[in-house]
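Notes follow once the structure below has been shown.
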Amino acid sequence: MSRRTLPEINAGSMADIAFLLLIFFLVTTTMDVDTGLVRKLPAMPEEEEIIDDSQIKSKNIYVVLVNAKDQLLVEEELMDVSQLREGTKAFLDNWGKNPELSDNPQKAIVSLQNDRGTSYEMYIKVQNELSAAYRELRDREAQKKFGAYYAELEGENKKEIRKMYPSKISEAEPKKVGGN
Amino acid sequence: MSRFKKKKGGGTPAMSTASLPDIVFMLLFFFMVTTVMRETTLIVENSLPKASEIKKIEDKSLCSYIYVGAPVSGMKTKFGAEPRIQLNDSFKLASDIQEFVAAKREATAEEKKPQLITCIKADVGAKMGLITDIKQELRKAQAFKINYATYESFE
Chain Z
1 MSRRTLPEIN
11 AGSMADIAFL
21 LLIFFLVTTT
31 MDVDTGLVRK
41 LPAMPEEEEI
51 IDDSQIKSKN
61 IYVVLVNAKD
71 QLLVEEELMD
81 VSQLREGTKA
91 FLDNWGKNPE
101 LSDNPQKAIV
111 SLQNDRGTSY
121 EMYIKVQNEL
131 SAAYRELRDR
141 EAQKKFGAYY
151 AELEGENKKE
161 IRKMYPSKIS
171 EAEPKKVGGN
Chain G
1001 MSRFKKKKGG
1011 GTPAMSTASL
1021 PDIVFMLLFF
1031 FMVTTVMRET
1041 TLIVENSLPK
1051 ASEIKKIEDK
1061 SLCSYIYVGA
1071 PVSGMKTKFG
1081 AEPRIQLNDS
1091 FKLASDIQEF
1101 VAAKREATAE
1111 EKKPQLITCI
1121 KADVGAKMGL
1131 ITDIKQELRK
1141 AQAFKINYAT
1151 YESFE
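The listed protein sequences derive, respectively, from chains Z and G.
When we follow our numbering, the leftmost residue of the first sequence carries the number 1, and every step to the right adds one.
When we follow our numbering, the leftmost residue of the second sequence carries the number 1001, and every step to the right adds one.
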């Protein structure tokens, strides 16, 4: 009986082969998830089109300027990035209380302008703080109404909250002041 | 003599390694499924900024990547130390972006075209001047959906 059975193939090296393949895949592939701030660019203005912004009251515009030295000027006052979130929230969530700030979140516009010499890092920081301000207000409203975070909402509920605090971040064409 | 001793079973029997290939293959398949092949070799320095308000990109195949950063050390002598734009595998100018986006749009199925997104992977050291040029070109190319690639930071 024992003489008839075929000798077993040595499978000891199988693991080595599999390891080789595994290491090849580990080296050639990426596993980093693509994460980032999603934005929508405005369409190019038509030649003859004149943008009429005289209809917007200046108190409904929150002017954020970043210069080539990465300094922040918000509503004509110097500000640190760490204060920007609270500042934006106060501006959006004013409801006409403070005559300097917005009438209501629907009318409020955040206008962001940077210099060509502004660093990308600073720009992302500012963008992040602005989105965080919107997100926190939406979260607060979503918690009050539906008892959930804004990101967890779906369909109509999400739309409703978004309508209450529409994210309006306008980016002006950058000026070249401090060189590149 | 020693041969007889062994047969009597002195030490523990050798562990069977027969299932080792199975385990390794399992790992292999896991990696094959979860990962994507590297398509471009980076020739720019690319350390991304950090942000907390981020979204994940679900379908990487709909993404066209624009890398921005200073050339890597081996390329510095030839291309200088100023941040530049990398498209696919080579340095390009901002004016090449429209063509690049059009090529990507051409290669995508009709029903997925509205979902196309442009990922700007810019180094923290890049200046906004260059990024703005890219954004203007994208507006001209009507590729309005963009994503500033960032790492996740937790507050």
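For each residue, glycine too, the CB sits at the ideal point set by N, CA and C.
Name the chain Z residues that come within less than 9 Å of Asn-1147(G), Cβ to Cβ?
By 1-based counting over the second sequence, the position of residue 1147(G) is 147. Under the 9 Å cutoff, chain Z gives Asp-34, Thr-35, Gly-36, Leu-37, Val-38 and Arg-39.
Three-state class that DSSP yields for Tyr-134(Z) in the structure shown:
What you label residue 134(Z) is simply residue 134 of the first sequence in a count that begins at 1. Correct three-state label for Tyr-134(Z): helix.
Which complete alpha helix (DSSP H) runs does the stretch 80 to 139 of chain Z hold, if anything under 4 residues is left out?
Listed in chain order, the complete alpha helix (DSSP H) runs (minimum 4 residues) inside the stretch 80 to 139 of chain Z are 81 to 92.
With DSSP run on the structure shown, which of helix, strand or coil describes Gln-1086(G)?
Position 86 of the second sequence, counted from the first residue, corresponds to residue 1086(G). If DSSP states are grouped into helix, strand and coil, Gln-1086(G) belongs with the strands.
Let's test the definition: count the other Cβ atoms within 10 Å of the Cβ of Met-1026(G) and tell me whether it reaches 16, buried, or not, exposed.
Taking the second sequence and counting its residues from 1, one reaches residue 1026(G) at position 26. Under this definition Met-1026(G) is an exposed residue.
Assign Ala-142(Z) to buried or exposed, taking buried as 16 or more other Cβ atoms, counted over all protein chains shown, within 10 Å of its Cβ.
To locate residue 142(Z), count along the first sequence from 1; it is residue 142. Buried.
Collapsed DSSP secondary structure at Val-1124(G) in the structure displayed:
On the second sequence, position 124 is the one that residue 1124(G) refers to. Residue state, collapsed to three classes: coil.
Under 8 Å, Cβ to Cβ, is there at least one residue of chain G near Asn-180(Z)?
On the first sequence, residue 180(Z) is found 180 positions in, with the first residue counted as 1. Because the pLDDT at Asn-180(Z) is just 43, under 50, the model does not fix this residue reliably, and the value given afterwards should be weighed accordingly. Taking Cβ atoms only, chain G reaches closer than 8 Å to Asn-180(Z), which makes this a yes.
Quick one: list the residues of chain G neighbouring Ala-15(Z), beta-carbon separation under 8 Å, in chain order.
Here residue 15(Z) is taken as the residue at index 15 of the first sequence, counted from 1. Residues of chain G passing the Cβ test: Thr-1017, Leu-1020, Pro-1021 and Val-1024.
Using beta-carbon positions only, say whether Ala-1102(G) and Ile-1134(G) come within less than 8 Å of one another.
Within the second sequence, residue 1102(G) is the residue found at index 102, counting from 1. Within the second sequence, residue 1134(G) is the residue found at index 134, counting from 1. Cβ distance not < 8 Å, so Ala-1102(G) and Ile-1134(G) don't count as in contact.
Apart from the five residues on each side of it in sequence, which residues of its chain come closer than 8 Å, Cβ to Cβ, to Leu-84(Z)?
As a position in the first sequence, residue 84(Z) is number 84, starting the count at 1. The answer, listed in chain order, is Val-64, Leu-72, Val-74, Val-126, Glu-129, Leu-130 and Ala-133.
At a CB distance below 9 Å, what residues from the stretch 110 to 134 of chain Z approach chain G? Give them in sequence order.
Asn-114, Asp-115, Arg-116, Gly-117, Thr-118, Ser-119, Tyr-120, Glu-121, Met-122, Tyr-123, Ile-124, Lys-125, Gln-127, Asn-128, Glu-129, Leu-130, Ser-131, Ala-132 and Tyr-134
Taking the C-alpha atoms as reference points, what is the distance between Arg-135(Z) and Ser-1047(G)?
The residue given as residue 135(Z) occupies position 135 in the first sequence. The residue given as residue 1047(G) occupies position 47 in the second sequence. Take the alpha-carbon of Arg-135(Z) and the one of Ser-1047(G): they are about 26 Å apart.
Since I believe Phe-1100(G) is in contact with Ser-1064(G) (beta carbons under 8 Å), could you give me their beta-carbon distance rounded to a whole number of angstroms?
Counted from its first residue, the second sequence places residue 1064(G) at position 64. Counted from its first residue, the second sequence places residue 1100(G) at position 100. Yes, they are in contact, since the Cβ atoms of Ser-1064(G) and Phe-1100(G) sit about 7 Å apart, within 8 Å.
Distance check for Phe-1144(G) and Thr-1108(G), CA to CA, integer angstroms please.
Within the second sequence, residue 1108(G) is the residue found at index 108, counting from 1. Within the second sequence, residue 1144(G) is the residue found at index 144, counting from 1. Each residue's alpha carbon lies about 16 Å from the other.
Spatial neighbours of Leu-101(Z) within its chain, please: CB distance less than 6 Å, with the 5 preceding and 5 following residues excluded, ordered by chain position.
On the first sequence, residue 101(Z) is found 101 positions in, with the first residue counted as 1. So the qualifying residues of the chain are Phe-91 and Asn-94.
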